[in-house]
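J.:
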Amino acid sequence: MIEVVIDARCNGCGDCVDACPSDVLEAGPGGKAVIARQADCQTCLLCELYCPADALFVWPDCEAPVGITAQQALASGQLGAFRRDSGWGEHAASFTNQHWRMGSIFERARLQAMEIAAARNSTEPLQAEENVR
Ligand code: SF4
Ligand code: SF4
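Per my numbering, the sequence shown starts with residue 1, numbered consecutively.
1. Quick one, are the C-beta atoms of residue 51 and residue 16 less than 8 Å apart?
2. Is residue 24 near ligand 1, with its Cβ less than 7 Å from a heavy atom?
3. Here's a check: name, in chain order, each residue in its chain whose Cβ is nearer than 8 Å to the Cβ of residue 19, leaving out the five neighbours to either side.
4. Checking 8 Å against the spacing of the C-beta atoms, do residue 136 and residue 34 come in under that value?
5. Verify the contact flag: residue 15, CB atom, against every heavy atom of ligand 2, threshold strictly below 7 Å.
6. I'd like to know whether the C-beta atoms of residue 53 and residue 10 end up nearer to each other than 8 Å.
7. Does the distance from the CB of residue 24 to the CB of residue 13 come in under 8 Å?
Spelled out as structure tokens, the structure:
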């Protein structure tokens, strides 16, 4: 869940406000991002990905905020890590984006779902027959 915006880092670009699919963030004074609807956060990390100033901190707990302060976020050394490790923006040359690897995982999931559906379909007529008896 989004925990904190580091006000001193935010340049007011508004990219995180535009990127957030849950309308959690709003532009405050000077365009600086403010967390307006924290409970709506789905922990997708898109705001971290799009922030060019590494000013946002999202914690992996998607159920409830844990209350991380700006000082704690700065001390963590994790600000901007997701953007960097995803090979996003200025990191594209040095950190190769590996998201394409998800393709094989989705393919395995699709084949498994097809097998489960086929197995279910093969037993359904028998069950229907038993119900008639
Ligand atoms: S983690 Fe996702 S849902 Fe939460 S504030 Fe960032 S962009 Fe919005
Ligand atoms: S993307 Fe980053 S710098 Fe831009 S408004 Fe949001 S927090 Fe501020």
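Glycine included, each C-beta is placed from N, C-alpha and C at the ideal position. From a predicted model like this one, the values you see are computed outputs, not experimental measurements.
T.: For this structure:
1. yes
2. yes
3. For residue 19, where only same-chain residues beyond five positions count, the Cβ hits under 8 Å are 46, 47, 49 and 50.
4. Because the chain here runs from 1 to 133, residue 136 falls outside it and cannot be looked at.
5. yes
6. Yes, they are a contact pair.
7. no
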